[in-house]
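K.L.:
Converting from the sequence shown to the working numbering requires adding 315 to each position, the first position being numbered 1.
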Amino acid sequence: MGRLSGKVALVTGAAGGQGAAAVRRFVEEGARVVVADVRDEEGRALADELGAHFVHLDVSEEDGWTAAVAETTAVYEHPNVLVNNAGVLHFARLQDTTLSDYLRVIHINQVGTFLGMRGVVPGMKKAGGGSIINVSSIEGLRAAPLLTAYTASKFAIRGMTKVAALELAGRGVRVNSVHPGMIETGMIPAALGGQEVDMTFVGKKVPLGRVGQPSEIAELTVFLASDESSYCTGAEFVADGGVTAGHSLSNLG
Ligand code: NAD
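1) Could you check how far apart the C-beta atoms of alanine 346 and valine 420 are, in whole angstroms? I think they sit under 8 Å.
2) My understanding is that alanine 533 touches alanine 336, with C-beta atoms under 8 Å, so please give their C-beta distance in whole angstroms.
3) Which ranges would you report for the beta strand (DSSP E) in the segment 318-346 if only whole runs of at least 3 residues count?
4) Return the chain-ordered list of same chain residues with a C-beta closer than 6 Å to the C-beta of phenylalanine 369, the five sequence neighbours on each side being excluded.
5) Just list the alpha helix (DSSP H) runs in the segment 402-454, keeping only unbroken ones of 4 residues or longer that don't cross its boundaries, in chain order.
6) Which same chain residues end up closer than 6 Å to serine 415 when comparing Cβ atoms and leaving out the 5 residues on each side of it in sequence?
7) Taking the beta carbon of threonine 381 as the centre, do at least 16 other beta carbons fall within 10 Å, making it buried, or is it exposed?
8) Would you mind giving the Cβ-Cβ distance between asparagine 424 and valine 490, rounded to the nearest angstrom? I have them listed as a contact below 8 Å.
9) Is it the case that the Cβ atoms of valine 517 and valine 526 are separated by a distance below 8 Å?
10) Taking the alpha-carbon of phenylalanine 552 as reference, which of Gly501, Ile472 and Ala506 has the nearest alpha-carbon?
11) Quick check: what's the CA-CA separation for leucine 409 versus threonine 463?
12) Where are the beta strand (DSSP E) runs, 3 residues long or more, that stay fully inside the segment 501-563, in chain order?
13) Over the uninterrupted alpha helix (DSSP H) stretch that includes arginine 359, give me the two end residues.
14) From the DSSP secondary-structure annotation, give me the bridge partner or partners of alanine 351.
15) Am I right that glycine 379 and aspartate 352 are in contact with their C-beta atoms under 8 Å? What's the rounded C-beta distance?
16) Mind checking whether the beta-carbon of asparagine 400 lies closer than 7 Å to any heavy atom of the ligand ZN?
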């Protein structure tokens with residue numbers, strides 16, 4: 316029996332990167348999975364390959380969430396696992412961050428996470444439990460220059476995770492946040508307009524000496540989705556190669 320047998324998981328931003336890596340591991344562990352994304356072609360191809368189900372979902376849209384939860388329930392059952400993974404990055408100095416860029420990041424990262432939790436909670440309560448995994452970042456723990464909107468959204472995700480965990484603990488619904496460090500996905504190139512990025516330079520600044528891989532975050536997500544994490548709620552799960560263990564004067568290199 317897989318570690319996730321009996322689980323119905325809705326994973327957002329699942330067409331690529333860490334979301335897709337989580338979907339692959341979830342299916343291997345016996346979960347029935349809904350791949351949700353705005354990128355229809357990539358999302359559908361992944362779902363077809365793995366025998367999962369694809370739904371088009373823009374996480375910033377309230378009606379989209381109602382439809383996605385209803386479709387998941389119709390195809391499988393009400394989701395008992397939600398991974399709020401969809402996210403975007405925007406690099407700009409504070410004074411150069413336009414209101415529209417700020418709000419775009421907040422709507423996807425922060426409002427999307429709020430709508431997702433609110434959308435699945437009634438069904439999880441009725442079913443007697445569930446696990447919600449909110450993907451924050453090390454920018455939900457520490458600040459980084461050029462990331463005003465992103466950092467604001469990721470701190471907000473960390474905070475609302477704890478509120479939800481406290482409200483739902485008595486109903487068997489666990490809510491945790493995940494804080495990846497620098498992970499090799501398409502997110503940074505996308506934020507830089509498709510530009511190739513050499514991650515070796517960044518990797519050298521990480522205590523473990525390298526950037527992380529999406530599969531390394533997926534393992535943490537499997538643990539949080541499974542009953543192995545039954546005593547974990549309202550907690551912050553960091554996977555950053557040691558980056559947040561020190562401060563900026565602690566680099567020996
Ligand atoms: P990615 O760009 O590879 O994947 C993000 C996915 O989200 C994409 O498939 C994209 O289409 C989707 N998406 C974007 N806007 C959406 C919307 N409105 N509705 C639905 N889907 C949408 O990036 P990733 O690195 O896999 O990021 C996954 C999560 O991990 C994000 O929340 C990100 O902030 C977080 N994170 C990433 C890193 C990193 O270094 N890559 C570090 C810390 C946290």
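Glycine included, each C-beta is placed from N, C-alpha and C at the ideal position. Keep in mind it's a predicted model, so treat the numbers as computed, not measured.
P.N.:
In short:
1) About 29 Å separates the two Cβ atoms, so there is no contact after all.
2) 4 Å
3) 323-327
4) Val350, Gly358, Arg359 and Ala362
5) 414-420 and 427-442
6) Within the same chain, serine 415 has no close Cβ partners at all.
7) Its Cβ having fewer than 16 others within 10 Å, threonine 381 is exposed.
8) Not quite, the Cβ-Cβ distance comes to about 16 Å (not below 8 Å), so this is no contact.
9) Cβ atoms of valine 517 and valine 526: closer than 8 Å.
10) Ile472
11) 6 Å
12) 551-554
13) Where arginine 359 is concerned, the enclosing alpha helix (DSSP H) stretches over 355-365.
14) Thr327 and Val370.
15) Incorrect: roughly 11 Å between the Cβ atoms, too far for contact.
16) Among the ligands present in this structure, namely the ligand NAD, the ligand ZN is not found.
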